[in-house]
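Residue numbers (this note's numbering): 15 to 128. Here a beta-carbon is modelled for each residue, glycine too, at the ideal position from N, C-alpha and C. Remember, it's a predicted structure, so these values are computed and weren't measured experimentally. A short write-up of the structure that comes next.
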Amino acid sequence: MTMKKDKIAGIIQKNVSEIIQFTLKDPKIGFITITDVSVTGDLSIATIFVSFLGKEERADAGMKALERSKGFIRSELAKRMTIRKVPELKFKIDHSLDRGNHIEAIIRDMHKGE
């Protein structure tokens, strides 16, 4: 990523996190962490990677709530950013934490057997 894309991705991550935490009032979202933001080269799309605390059903409900709130989040983001066109927002579940925990559990089990 270029410096501009990195900077915009960081600003989007910080602001979307604050919007979800303090402005958006949807209990279905629950405990959410924005793990990463990826912006396309032309800055037209921002893919926001999220993880949810809890069970898979909670993540599904949270993703549906985020999809419903996408327009509101984008309009709030536009109020906070000084770029001409705010990127379209796409939310994706980040499974890297789950994979990391699974690998850690396997390693722990291997050491128990020694």
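| query | According to the Cβ coordinates, are R72 and F63 closer than 9 Å? | reply | Going by beta carbons, R72 and F63 fall outside the 9 Å limit.
| query | According to DSSP, which residues form a beta bridge with K106? | reply | Beta-bridge analysis with DSSP links K106 to F63.
| said: Can you list, in chain order, the residues of its chain with a C-beta nearer than 8 Å to that of K104? Leave out the 5 residues immediately preceding and following it. | reply: Cβ neighbours of K104 beyond the five flanking positions: I59, A60, T61 and I62.
| query | Starting from D50 and walking both ways along the beta strand (DSSP E), at which residues does that stretch end? | reply | D50 -> beta strand (DSSP E) spans I46 to V53.
| field | Cutoff 6 Å; reference T47; Cβ partners in own chain excluding five residues on either side | value | So the list reads S65, once near-sequence residues are dropped.
| query | Is there contact between the stretch 22-39 and the stretch 86-98, where contact requires at least three CB pairs shorter than 8 Å? | reply | With a cut-off of 8 Å, the stretch 86-98 and the stretch 22-39 count as touching, because enough Cβ pairs lie within range.
| Nearest CA to the CA of E102: which residue from R88, K93 and D20? | When the alpha-carbon of E102 is set against those of R88, K93 and D20, the nearest one is in R88.
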